[in-house]
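Have a look at the structure below before the remarks.
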Amino acid sequence: MPTTVIIGAQWGDEGKGKIVDMLCEKSQVVVRFQGGSNAGHTIKTKDRETVLHLIPSGILHEGTWCLIGNGVVLEPEAFLKEVDDLAAQGIDTTTYRLAISKKTHLIMPYHKLLDRARELKRGGMRIGTTGRGIGPCYEDKAARIGLRAGDLDNPDLVREKVERALQEKNVLLRELYKFDPLDPETVSGELLALAPRIVPYVKPVEDYIEKAMEQGREILFEGAQGVLLDIDHGTYPFVTSSNTVSANAAAGSGMPPSSLDRIVGVVKAYTTRVGSGPFPTEQLDDTGTYLQTQGHEFGATTGRPRRCGWLDAVVLQHSVRLNGITEIALTKLDVLRNLPVLKICVAYELDGQRIERLPQEEGALQRVVPLYEEMPGFDQDIGDCTDFDALPRKVQDYVLRIEHLCGAKVSTVSVGADRSQTILR
Ligand code: GDP
Ligand code: IMO
Ligand code: MG
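So for the sequence shown, our numbering puts the first residue at 759; every next one is plus one.
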C-alpha cells in the first residue's frame, strides 16, 4: 500500500484539509508530523464545515486512525477543546482511533506569552505569528528543556521541568518584556489537572505506524503550513518554526524515509499569505481584493485577512524540487472566474538581472520584481464540473500551463470547497 505525504506548496492555506479528507476515503491512517494549532485545516461537507487545528483531517472518516506525531507541538487545552467540539458533533474521538506520540512536545502557557511578548517588542518587524506559542515551544525542544506528552503521567517530572523552565522564562517575562511572571506551582497544577484526559491518548505512535505498514494499510502524512514557511527553506525569518517539507514526514513521525512513496503538493490556483514577509506577486489593488472576497481569504485560525496575489511559478518550482512532489492537487480554481486575464509569475528581476530561482540572501526577495506571462480568463461557473474534459478550454489551458511550468502532474483539480467538488485526472 502506498504511503502519501501531503504538503502545502506555497505559504499555507492551500486547501490541504480538503485534499487530506478526500484521500482518506481510501487511507486507513493519517499522521500529522509538524506544526501545532497554528494550522487551520477546513473540511466542508453537505451538512457542515469543520476546521481542524491539531487533529488530523482524517477524523471525519469513521475507522481512520488519526495519529499526532513527535514532530508536532501540542497545546493540551487546545487539543481537548478540539476533541470535545468534534465529539459534540457525534464524531468518534476516542483513544481507539486518536493518539498522540509520547515524544510530542507540549505548548505551555509561557510559550504563548513569550510568542506574544516578542511580537509586541518587534513592533514593525513582527513576523505576524498566530500567537499560539509555536516558536518558543520548538526553542525549548531544541534547548532540551521541553515537556513532552509522555511526561504527563509523571507529576514529579512535570513539576521539576516547569520549575526549571520558569527560572529562565520569568526573568525574560519580567525584566525584558515587562509581563507578570508565572507561578510554577499554578502552571504545573493546571497542566496536571488536564493530564488524566490526555494520558489515555499518549501512545508509542511510531510503533503504530510500523504495525500499520506491516498490515499493508495505506498511510497518509498531513503537512501543515507550506513550504515557503519552512524554517530552513522558507522566506526566513518570516517563517514558522518547523520543517514543513515532505522530508520531515519521516523525522516528525518515526516513519523510515525510504517508505515514503507519493508526495502530493497542494497548490492554490493563486497565492495567499498570512502574516508579514516577502510576497512578490501580492496584488494590493482590485485584483487582490477580488481574490480575497471570492476566495473568502480569511485565516481559519486567527481570522486575519490573507494577503492575495497571482500564482508564482518560481515558488512552485522551488517546492517541487525540495519536496520531490510527484503530483499536484490544484485548488480554488473556481475563485479565478470573471478575472479578464490570469497572470503567472515565471521569473523575477533582481537588481536588473533575470533570475528563475528564489534568491537565498535575506531581504532579496523583498526587492524582486515579478515577471509575468498572461493567459485569458474565463467566466463560466465550473463548480459543478466533475470531469477535466468538461472544464472550459481556457481553464484546462491554465491547468496544463501550471503542470508544464512545475514539471509535475496535476492529478486533482478542486473547483469548490465541498468534498464533492473535486476532479480526479
Ligand atoms: P489548509 O490550511 O491548507 O487546509 O487550507 P484552509 O482550510 O486554511 O483554507 C482553504 C479554504 O479554501 C477553506 O475555507 C476551504 O474550505 C476552501 N477551499 C478548499 N478548496 C477549495 C476550492 O477548490 N474552491 C473554493 N472556493 N474553496 C476551497
Ligand atoms: P495551515 O496549516 C498560513 C504563518 C503565520 C506567520 C508565520 C509564523 O493552515 O496552512 P507561527 O504561529 O507558526 O509562529 O507563525 O507562519 N502561519 C500560517 N500561515 N497557514 C498556516 O497553517 C500557518 N501557520 C503559521 O501567519 O506568518
Ligand atoms: Mg489553513
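Where is the CB? At the ideal position from N, CA and C, for every residue including glycine.
| query | Asn1133 bridges to which residues according to DSSP? | reply | Sequence check: residue 1133 is Met here, not Asn. The partner list for Met1133 (beta bridge, DSSP) reads Leu1100.
| task | Mind checking which residues open and close the alpha helix (DSSP H) that includes Leu810? | result | In the DSSP assignment, Leu810 falls outside any alpha helix (DSSP H) and lies within the beta strand (DSSP E) extending over 807-810.
| query | Do the region 1010-1026 and the region 961-974 make contact, defined as three or more Cβ pairs closer than 8 Å? | reply | yes
| Helix, strand or coil at Ser1178 [DSSP, three-state] | coil
| Extent of the continuous beta strand (DSSP E) to which Gly1067 belongs | 1065-1067
| said: Less than 8 Å between the beta carbons of Asn828 and Ser795, yes or no? | reply: No Cβ-Cβ contact shorter than 8 Å links Asn828 with Ser795.
| request: Taking all protein chains shown into account, decide if Gln973 is buried (16 or more other Cβ within 10 angstroms of its Cβ) or exposed. | output: Gln973 is exposed by the Cβ-count criterion.
| field | Within 8 Å, strictly: CB atoms of Leu986 and Val1073 | value | Their beta carbons are under 8 Å apart, which means Leu986 touches Val1073 by this criterion.
| Grouping DSSP H, G and I as helix and E and B as strand, with all else coil, what is Ile989? | Residue state, collapsed to three classes: coil.
| message | Taking the alpha carbon of Leu924 as the reference point, which residue from Ala875, His869, Arg884 has its own alpha carbon closest? | response | His869
| task | Would you list, in sequence order, the uninterrupted alpha helix (DSSP H) runs of no fewer than 4 residues that lie entirely inside the region 1132-1167? | result | 1151-1164
| message | Can you tell me where the alpha helix (DSSP H) holding Ile967 begins and where it ends? | response | 963-972
| field | Rounded Cβ spacing between Gly1033 and Gly886 (contact assumed at less than 8 Å) | value | About 3 Å separates the two Cβ atoms, so the contact holds.
| task | Measure the C-alpha to C-alpha separation of Ala1007 and Glu1055 and round it to an integer number of angstroms. | result | 27 Å
| Which listed residue (Pro834, Glu980, Val945, Asn912) has its alpha carbon closest to that of Trp823 | Glu980
| query | Can you name, in chain order, every residue of its own chain whose Cβ lies under 7 Å from the Cβ of Thr1030, other than the five neighbours on each side? | reply | Trp769, Asp771, Glu1055, Arg1064, Arg1065, Cys1066, listed in sequence order.
| said: If you follow the alpha helix (DSSP H) that Arg1125 is in, where does it begin and where does it stop? | reply: First-last of the alpha helix (DSSP H) with Arg1125: 1122-1125.
| For review: beta carbons within less than 5 Å of any heavy atom in the ligand MG | Counting only beta-carbon distances shorter than 5 Å to the non-hydrogen atoms of the ligand MG, the qualifying residues in chain order are Asp771, Gly798, Ala1058.
| field | Which residues DSSP lists as bridging Cys824, in chain order | value | According to DSSP, which records beta bridges pairwise, Cys824 is partnered with Val788, Leu856.
| field | Cβ shell of Lys1026 (< 7 Å), same chain only, five flanking positions each side left out | value | Gln768, Glu772, Gly773, Thr1089, Lys1090
| message | Taking the beta carbon of Arg890 as the centre, do at least 16 other beta carbons fall within 10 Å, making it buried, or is it exposed? | response | buried
| task | Kindly list the residues whose CB is nearer than 6 Å to the CB of Gly992, restricted to its own chain and excluding five residues on each side of it in sequence; keep chain order. | result | Leu986
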